[in-house]
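Student: Numbering (mature numbering (1 follows the signal peptide of the UniProt record, and there is no 0)), first residue to last: -20 to -1, 1 to 391. Using N, Cα and C, we set each Cβ at its ideal position, and we do this for glycine too.
1) Are the Cβ atoms of residue 319 and residue 390 separated by less than 7 Å?
2) Where do the N-terminal and C-terminal ends of the beta strand (DSSP E) with residue 365 fall, by residue?
3) May I ask you to report which of helix, strand or coil DSSP gives residue 226?
4) How big is the Cα-Cα spacing for residue 62 and residue 255?
5) Taking DSSP's pairing of strands, which residues face residue 182 in a bridge?
6) Provide the residue(s) that pair with residue 396 in DSSP beta bridges, ordered along the chain.
7) Run through the DSSP bridge pairs and tell me what residue 189 is partnered with.
8) Just list the residues that DSSP pairs residue 383 with in beta bridges.
9) Taking all protein chains shown into account, decide if residue 83 is buried (16 or more other Cβ within 10 angstroms of its Cβ) or exposed.
10) Per the contact definition of three or more C-beta pairs closer than 8 Å, is the stretch 302 to 316 in contact with the stretch 28 to 46?
11) Excluding sequence positions up to five away, which residues of its chain have a Cβ less than 6 Å from the Cβ of residue 110?
12) Does the distance from the CB of residue 253 to the CB of residue 65 come in under 7 Å?
13) Counting C-beta neighbours from all protein chains within 10 Å, is the total for residue 361 16 or more, i.e. buried, or is it exposed?
14) Could you pull the DSSP bridge partners for residue 159 from this structure?
15) Output the distance between the C-alpha atoms of residue 330 and residue 31, rounded to the nearest integer angstrom.
16) Tell me whether residue 368 is buried or exposed, calling it buried when 16 or more other Cβ atoms sit within 10 Å of its Cβ.
17) Could you tell me the distance, in whole angstroms, from the CA atom of residue 132 to the CA atom of residue 103?
18) Enumerate in chain order the residues of its own chain whose CB-to-CB distance from residue 258 is below 6 Å, with the five nearest sequence positions on each side excluded.
19) Between residue 147 and the rest of its own chain, which residues show a CB-CB distance below 8 Å, the 5 nearest in sequence each way excluded?
20) What are the residues that DSSP puts in a beta bridge with residue 316?
21) Going along the chain, which residues of its own chain have a beta-carbon closer than 8 Å to the beta-carbon of residue 202, five neighbours each way excluded?
22) By DSSP, does residue 116 sit in helix, in strand, or in coil?
23) Residues in the same chain with beta-carbon distance under 6 Å from residue 425, minus the five sequence neighbours each way, listed in chain order, please.
24) Please classify residue 181: is it buried, with 16 or more other beta-carbons within 10 angstroms of its beta-carbon, or exposed?
25) Note down, in chain order, each residue of its chain lying with its Cβ closer than 8 Å to the Cβ of residue 286, except the 5 sequence neighbours on either side.
26) Residue 157 CB to nearest chain B CB: under 7 Å?
27) I think residue 225 touches residue 139, with their Cβ atoms under 8 Å apart; what is that distance to the nearest whole Å?
28) Does the Cβ of residue 385 have 16 or more other Cβ atoms within 10 Å, making it buried, or fewer, making it exposed?
29) Is the CB-CB distance between residue 45 and residue 380 below 7 Å?
30) With C-beta atoms as the reference, is residue 295 less than 7 Å away from residue 304?
31) Going by alpha carbons, who is nearest to residue 363 out of 371, 377, 204 and 261?
32) Within the continuous alpha helix (DSSP H) that includes residue 209, where are the two ends?
33) On a Cα-Cα basis, can you pick out the residue from 48, 207, 217 and 101 that is closest to residue 152?
34) Which term fits residue 100, buried or exposed, when burial requires 16 or more other beta carbons within 10 angstroms of its beta carbon?
35) Could you name the residues of the same chain whose beta carbon sits closer than 7 Å to that of residue 293, not counting the 5 residues immediately before and after it, in chain order?
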């Protein structure tokens, strides 16, 4: 080994010796020897109290990874028809024969700890009633972050044609961002303005969905610390062409409104499935320290050394099925077991060159290093995709990095 590399290794070892030396009045042995994962295999995890403790730990972990303080309070969910239609259109998941939503961990193959990862969220926000009839209001979720990088943002709008329409004319649909004015000392708002943010020429051959890219407008909105956008939909020649952009807000007094309008339950459900929505793809980046890939050992009930323990939590069983749309549960795997000297640094158990060097000095009895205990920790993790409601009834699809333990090793 070159002299400059040897010097670096010995400097690192000296720092470890200083950090691991007991301070006056402390019990140095307990501080450096204790490793929680080494004791896990000795606990009775079948005991009810232990199971409930682990479930609570899983809950806290999921909320933390989603940047939530508490589970969302779901008072009124998006109509099922609108939800399923959006999921099918956007390919964020698929609907099984039993009506359950399924999503795939499409980034699982490239989410090890040595990746430079991008945490990506796909946010579906349904339109609500705006300040006037032809204005849609969208409340955009910031996903627990003050700043999001918007990769894509498309407004999906359904253009409905009358059955009597036989023409094949072209229409221009325009979207205007209604910008609020400044309030004076009396509370009156002045200086309102509109900004054209998208326009599209559409064919009137059939009733269908149309998309309008507005990523720039959404990014500017968030950059100014705002999260609500009002969008006016304008189509000058739609009425004479027998075309109607479907604009739906919140359903108020549903039964009374349906009776007055003569709308049947089936027609109302169909209208809800055409509710406008905004699809946003946002991302954040973060680096993870470099770790080398190693094979892991599965805990089989007899294994006492470092291994991966399987633990599955059903969201329905813990009362979270109302706000987590998919998946149905979480593989909360964890690491447990001992790290005796004869396996530290061997293939399949070592995390790094650092572990091998430390173990060599421990075996030779070099000072305080002999008391440093190796610990069983995750050596490989993968991502998990989640589809869920937030407090604003927005539907969020988030790919969470390093969520599921795949392999364990000795540090």
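Tutor: Reading off the structure:
1) yes
2) 356 to 369
3) coil
4) 7 Å
5) 151
6) Coverage of the chain is limited to positions -20 through 391, which leaves residue 396 absent and any answer about it impossible.
7) 138
8) DSSP output for residue 383 lists no bridge partner at all.
9) buried
10) yes
11) 116, 117 and 210
12) yes
13) buried
14) 173
15) Reliability of the predicted coordinates at residue 330 is poor, the pLDDT of 43 falling under 50, and the value obtained from them is presented with this limitation in mind. Straight-line Cα distance between these residues: approximately 30 Å.
16) buried
17) 10 Å
18) 105, 118 and 135
19) 184, 221 and 222
20) 287
21) 120, 122, 127, 128 and 130
22) strand
23) What the structure shows of the chain is the stretch from -20 to 391, and residue 425 is not part of that stretch, so it cannot be assessed.
24) exposed
25) 17, 277, 315, 316, 317, 318, 319, 323, 329, 356, 388, 389 and 390
26) Among the chains of the structure shown, chain B does not appear; only one protein chain is present.
27) 6 Å
28) buried
29) yes
30) yes
31) 377
32) Looking at the DSSP string, residue 209 is not in any alpha helix (DSSP H); the run it does join, the beta strand (DSSP E), is 208 to 214.
33) 217
34) buried
35) 35, 38, 309, 310 and 312
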